[in-house]
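**Q**
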């Protein structure tokens with residue numbers, strides 16, 4: 177994939193990451209942002225690179241995956257930046273509630289270890305605004321979810337544009 | 121040389137295709153079930169320590185795809201669902217159709233019109249609640265979500281099967 181091929185995914189992935197960070201926009205579109213970005217990236221590629229129709233399935237999936245990867249990288253960056261500036265996030269806010277609930281039970285060693293990791297994360301974020309474990313968890317979950325949703329967007333976009341082209 | 125009779129060749133081909141199609145649909149159904157189980161885990165197993173300890177991580181995962189506003193989410197067994205009522209509807213609709221698709225192995229067509237029609241009630245509901253024509257109602261959001269989710273899943277399944285499963289025959 178050359179640089180021109182990468183550009184539409186980069187732009188759309190960045191756009192999707194910005195939109196998923198803006199709370200008002202997220203209320204409307206939720207899970208449709210990344211698939212829509214993948215569809216737009218396929219359209220952009222055809223406008224920029226004048227690629228041939230019909231779009232191949234492998235190419236559509238690749239665009240979906242790349243858009244998902246860029247969206248994941250940028251949204252992780254934005255999330256970490258906001259966490260750094262505010263020194264808190266949803267995870268930290270939800271932790272005391274989880275802790276209270278867990279106190280009612282006798283935990284085995286594995287769960288006790290997990291709670292220790294959670295507390296360390298919370299402590300790191302409160303004092304430095306950054307936790308390596310939180311960053312890793314965010315990146316992995318963003319990558320997994322966004323890549324899957326990007327692929328769905330990619331194959332939907334392929335079908336849509338191929339159909340539209342055959343009608344013309 | 122060994123010849124296979126033509127009718128046997130076709131029946132074997134169809135059988136192979138149906139097996140592939142069923143396997144693929146089963147994988148999709150299991151994946152969707154796991155996804156739905158994830159956002160319902162707190163409500164389904166409210167007293168399980170494992171479910172409680174996984175809640176902060178699951179909250180991070182589902183935050184990627186939903187705003188998770190508690191006033192727009194269902195509450196059951198002492199826990200809010202991890203996604204809003206509309207997203208619950210979308211995923212439930214997809215799960216219902218994926219379950220039905222296991223028993224009805226018809227070849228689906230990629231119908232954009234059907235998808236657009238299914239999106240209309242949801243768009244009307246979103247616009248109406250946003251502009252204040254009527255106030256947000258979780259049940260409306262759930263029902264319009266189910267309608268849209270089922271159409272989206274049917275469309276995606278058709279696209280994947282027509283482009284991947286059929287080509288591999």
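Chains as they are written, first to last, in the numbering used here: chain Y, 177 to 344; chain A, 121 to 289.
Glycine included, C-beta positions come from ideal geometry on N, C-alpha and C.
Count Cβ pairs between the region 268–277 of chain Y and the region 330–339 of chain Y that sit closer than 8 Å; are there 3 or more?
**A** At 8 Å Cβ cutoff, the stretches do not touch.
**Q** By Cβ distance, which residues of its chain are closer than 8 Å to residue 306/Y, with the 5 residues on each side in sequence left out?
**A** Here residue 306/Y is taken as the residue at index 130 of the first chain, counted from 1. Closer than 8 Å at Cβ, skipping near neighbours: 256, 259, 260 and 300.
**Q** Indicate whether at least one CB of chain A lies closer than 8 Å to the CB of residue 314/Y.
**A** As a working mapping, residue 314/Y is identified with position 138 in the first chain. Answer yes: the Cβ-Cβ gap between residue 314/Y and chain A drops below 8 Å somewhere.
**Q** Determine whether the Cβ of residue 330/Y lies closer than 8 Å to any Cβ atom of chain A.
**A** Position 154 of the first chain, counting from 1, holds the residue named residue 330/Y. No, because no Cβ of chain A sits closer than 8 Å to the Cβ of residue 330/Y.
**Q** For residue 243/Y, count neighbouring Cβ atoms within 10 angstroms of its own Cβ and tell me buried if that reaches 16, exposed if not.
**A** Indexing the first chain from 1 puts residue 243/Y at position 67. It counts as buried.
**Q** Residue 196/A bridges to which residues according to DSSP?
**A** As a position in the second chain, residue 196/A is number 76, starting the count at 1. Paired residue(s): 199/A.
**Q** Just the chain Y side, please: which residues come within less than 8 Å of residue 183/A by C-beta, in chain order?
**A** On the second chain, position 63 is the one that residue 183/A refers to. Per Cβ cutoff of 8 Å: 266.
**Q** Using the C-alpha atoms, what's the distance from residue 145/A back to residue 132/A?
**A** For the purposes of this step, residue 132/A is taken as residue 12 along the second chain, with counting starting at 1. For the purposes of this step, residue 145/A is taken as residue 25 along the second chain, with counting starting at 1. So the two alpha carbons sit approximately 20 Å from each other.
**Q** When DSSP labels each residue in this structure, what does residue 264/Y get in the three-state scheme?
**A** On the first chain, position 88 is the one that residue 264/Y refers to. The answer is coil: DSSP assigns residue 264/Y none of H, G, I, E or B.
**Q** Classify residue 262/Y: buried if its beta carbon has 16 or more other beta carbons within 10 angstroms, exposed otherwise.
**A** The sequence position of residue 262/Y within the first chain is 86, counting from 1. Per the 10 Å Cβ criterion, exposed.
**Q** Could you pull out every residue in the same chain whose Cβ sits closer than 7 Å to the Cβ of residue 215/A, ignoring the five residues on either side in sequence?
**A** Within the second chain, residue 215/A is the residue found at index 95, counting from 1. Correct list, in chain order: 152, 153 and 156.
**Q** Under 6 Å Cβ to Cβ from residue 242/A, same chain only, skipping five residues before and after it: list those, please.
**A** By one-based count along the second chain, residue 242/A stands at place 122. Contacts found: 264 and 268.
**Q** Which runs of the alpha helix (DSSP H) at least 4 residues long sit entirely within the region 174–251 of chain A? Give them in chain order.
**A** Those alpha helix (DSSP H) runs which fall completely within the region 174–251 of chain A and span 4+ residues are 205–221 and 232–251.
**Q** Between residue 239/Y and residue 214/Y, how many whole angstroms is the CB-CB distance? I'm expecting something under 8 Å.
**A** The count along the first chain starts at 1 and reaches residue 239/Y at position 63. The count along the first chain starts at 1 and reaches residue 214/Y at position 38. Contact holds; Cβ gap of about 6 Å.
**Q** Rounded to whole angstroms, what is the Cα-Cα separation between residue 201/A and residue 185/A?
**A** In the second chain, residue 201/A corresponds to position 81, counting from 1. In the second chain, residue 185/A corresponds to position 65, counting from 1. Their backbone Cα atoms lie some 13 Å apart in a straight line.
**Q** What's the C-alpha gap between residue 142/A and residue 289/Y?
**A** Position 22 of the second chain holds residue 142/A. Position 113 of the first chain holds residue 289/Y. Rounded to the nearest angstrom, the two C-alpha atoms are 42 Å apart.
**Q** Determine, using beta carbons only, whether residue 239/Y comes closer than 8 Å to chain A.
**A** In the first chain, the residue the question calls residue 239/Y occupies position 63. False, the Cβ-Cβ gap to chain A never drops below 8 Å.
**Q** Are the beta-carbon atoms belonging to residue 247/Y and residue 326/Y less than 8 Å from one another?
**A** Looking up residue 247/Y in the first chain gives position 71. Looking up residue 326/Y in the first chain gives position 150. For residue 247/Y and residue 326/Y, yes; Cβs fall inside 8 Å.
**Q** Tell me whether the beta-carbon of residue 181/A lies closer than 8 Å to the beta-carbon of residue 321/Y.
**A** For the purposes of this step, residue 181/A is identified with residue 61 of the second chain, where counting begins at 1. For the purposes of this step, residue 321/Y is identified with residue 145 of the first chain, where counting begins at 1. Closer than 8 Å, so yes.
**Q** Comparing the C-beta of residue 317/Y with each C-beta of chain A, is any distance below 8 Å?
**A** Indexing the first chain from 1 puts residue 317/Y at position 141. Yes, because at least one Cβ of chain A sits closer than 8 Å to the Cβ of residue 317/Y.
**Q** Pick from 244/A, 238/A and 279/A: whose alpha carbon is nearest that of residue 228/A?
**A** By 1-based counting over the second chain, the position of residue 228/A is 108. Ranking the options by Cα distance to residue 228/A, first place goes to 279/A.
**Q** Helix, strand or coil, according to DSSP, for residue 304/Y in the structure here?
**A** Residue 304/Y sits at position 128 when you count from the first residue of the first chain. Here residue 304/Y sits in helix by DSSP.
**Q** Between which two residues does the alpha helix (DSSP H) harbouring residue 275/A extend?
**A** Taking the second chain and counting its residues from 1, one reaches residue 275/A at position 155. Element bounds for residue 275/A: 258–280.
**Q** Would you identify the three-state DSSP class for residue 167/A, choosing helix, strand or coil?
**A** Taking the first residue of the second chain as position 1, residue 167/A is located at position 47. DSSP places residue 167/A in coil when its eight states are reduced to three.
**Q** Residues in its own chain within less than 6 Å of residue 275/A by CB, not counting five upstream and five downstream?
**A** Against the second chain, residue 275/A aligns to sequence position 155. Cβ within range, chain order: 235.
**Q** Any C-beta of chain A within less than 8 Å: which residues of the region 287–299 of chain Y qualify?
**A** Listed by position along the chain: 287, 290, 291 and 294.
**Q** Is there at least one Cβ from chain A nearer than 8 Å to residue 254/Y's Cβ?
**A** Residue numbering aside, residue 254/Y sits at position 78 when the first chain is read from its first letter. Output row for residue 254/Y: interface = no.
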